[in-house]
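Novice: Before anything else, here's the structure in question.
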Amino acid sequence: MEPEQSLESISISDEELKSLTDAIHQRHGIDFSCYEPKSLKRRVIRSLHIFKLNAVHELWIKILKDRSFIYPFMDEISVGLTAMFRDPVLWKKMRQLLNDHFSAKSSLSIWHAGCSSGEEVYTMGIVLRESNFNKPISARATDISNQAMTIARSGEYHALKMIEYEKNYQAFNPLSTLKKYYTVNNDIAVFDTSLIQHVNFEYHNLITDPFAKKHDIILCRNVMIYFDNNAKLKLFDKFHEALNPGGLFIIGFYDAVLPLVDASKFKVLDMDAKIFQKI
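Counting along the sequence shown from 1, when you hit position 50 you're at 950 in the numbering used here, and nothing is skipped either side.
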């Protein structure tokens, strides 16, 4: 094999990208046609570097010849933008909504769509506990990366990340500390998995798989940045159908979707926290 190239020296043409995504779709049934091309190219280039490949053609051959390779490849392609208590304004608003908006409900159904490695799921678990929300809770946490969900189930994160996570948590609750929710073992912070005892983790492809119904809260944060506008519009319709009347849909601060929101289906509940309510 030729010497490994730098990320900057690798480029992918539209034709190469289409050939690759067609091969993946034909071989594994995974559809990338709705992904935003520039974002997908960046992720493919990064995967070439990770797997020490020099060209898309090498990746194409490996995907077709090695059926099991799709799993580590998908884990690299689907790396998410996530952190505990990321965007504290959202979690402060969520604490308020649990005590007000959902106080009359007999139970609560939550869907973390694109949960990545689970930081958001543990964050919600802490918010629920500190809000003293004692109604029955069921939650689904879904992603296309099985590797990420393995991390989420374990609740194990590098201890160095706790510096950032503690700072985020303090913005949410300055009277307490995140440290009471985890122990440190060999530079690994191990979170109390009772925080997510109400959560079921499942593989789910937002583009191709059906959506379960009757959710009160759906969080799909910093996931749609990778989809084109047509895919985003379709997802908005599917999320709308998946929500209970008056249910909440929460997007990420990097999801450039505001011009696409259908005002006949969603109203803005809190623009700062990026929370929309089903009409």
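Backbone N, C-alpha and C fix where the C-beta goes; we use that ideal spot for every residue, glycine too.
Count the other CB atoms, across all protein chains shown, that sit within 10 Å of the CB of HIS957; report buried if there are 16 or more and exposed otherwise.
Specialist: Position 57 of the sequence shown holds residue 957. HIS957 comes out exposed.
Novice: Quick one: what does DSSP say ILE910 is sitting in, helix, strand or coil?
Specialist: Residue 910 sits at position 10 when you count from the first residue of the sequence shown. Looking at ILE910 - three-state DSSP - the assignment turns out to be coil, as it is neither helix nor strand.
Novice: Residues in the same chain with beta-carbon distance under 6 Å from LEU920, minus the five sequence neighbours each way, listed in chain order, please.
Specialist: Position 20 of the sequence shown, counted from the start, is the residue given in the question as residue 920. So the qualifying residues of the chain are VAL956, TRP960.
Novice: Name the DSSP bridge partner or partners of ALA1041?
Specialist: Residue numbering aside, residue 1041 sits at position 141 when the sequence shown is read from its first letter. In DSSP, ALA1041 forms a bridge with HIS1012, PHE1101.
Novice: According to DSSP, is ILE1175 helix, strand or coil?
Specialist: Translated into positions along the sequence shown, residue 1175 becomes position 275. Strand.
Novice: Which residue comes first and which comes last in the beta strand (DSSP E) that contains ALA1089?
Specialist: Taking the first residue of the sequence shown as position 1, residue 1089 is located at position 189. 1088-1091 is the span of the beta strand (DSSP E), which, as asked, contains ALA1089.
Novice: In three-state DSSP terms, what is ASN1144?
Specialist: In the sequence shown, the residue the question calls residue 1144 occupies position 244. Of the three classes helix, strand and coil, the one that applies to ASN1144 here is strand, per DSSP.
Novice: Please say whether LEU940 and PHE951 have beta carbons closer to each other than 8 Å?
Specialist: Translated into positions along the sequence shown, residue 951 becomes position 51. Translated into positions along the sequence shown, residue 940 becomes position 40. No, the pair does not count as a contact, with Cβ atoms beyond the cut-off.
Novice: When burial is assigned at 16 or more other CB atoms within 10 Å of the CB, is THR1108 buried or exposed?
Specialist: Stepping through the sequence shown from its first residue, residue 1108 is reached at position 208. When all chains shown are included, THR1108 counts as exposed.
Novice: Counting only runs of 3+ residues fully inside the segment 905-977, write out the beta strand (DSSP E) ranges in chain order.
Specialist: Runs found: none.
Novice: Once the 5 residues before and after THR982 are set aside, which same chain residues still bring their CB inside 7 Å of it?
Specialist: Walking along the sequence shown from the start, residue 982 turns up at place 82. Same-chain partners within the cutoff: SER1016, SER1017, GLU1019, GLU1020.
Novice: Should ILE1063 be labelled buried (16 or more other beta-carbon atoms within 10 Å of its own) or exposed?
Specialist: Position 163 of the sequence shown, counted from the start, is the residue given in the question as residue 1063. Looking at its Cβ environment, which holds fewer than 16 other Cβ atoms inside 10 Å, ILE1063 is exposed.
Novice: Would you check if the distance between the CB atom of VAL1161 and the CB atom of PHE1127 is smaller than 8 Å?
Specialist: One-based indexing of the sequence shown puts residue 1161 at position 261. One-based indexing of the sequence shown puts residue 1127 at position 227. No, the pair does not count as a contact, with Cβ atoms beyond the cut-off.
Novice: Shortest alpha-carbon distance to PHE985 belongs to which of ALA1173, THR1077, ASN1068, LEU1106?
Specialist: Here the question's residue 985 lines up with position 85 in the sequence shown. The candidate whose alpha carbon is nearest that of PHE985 is ASN1068.
Novice: Leaving aside the five residues before and after LYS1113 along the sequence, list all residues of the same chain whose C-beta is less than 6 Å from its C-beta, in chain order.
Specialist: For the purposes of this step, residue 1113 is taken as residue 213 along the sequence shown, with counting starting at 1. Hits under 6 Å: ALA1142.
Novice: Which same chain residues end up closer than 8 Å to LYS1005 when comparing Cβ atoms and leaving out the 5 residues on each side of it in sequence?
Specialist: Residue 1005 sits at position 105 when you count from the first residue of the sequence shown. LYS1035, ASP1116, listed in sequence order.
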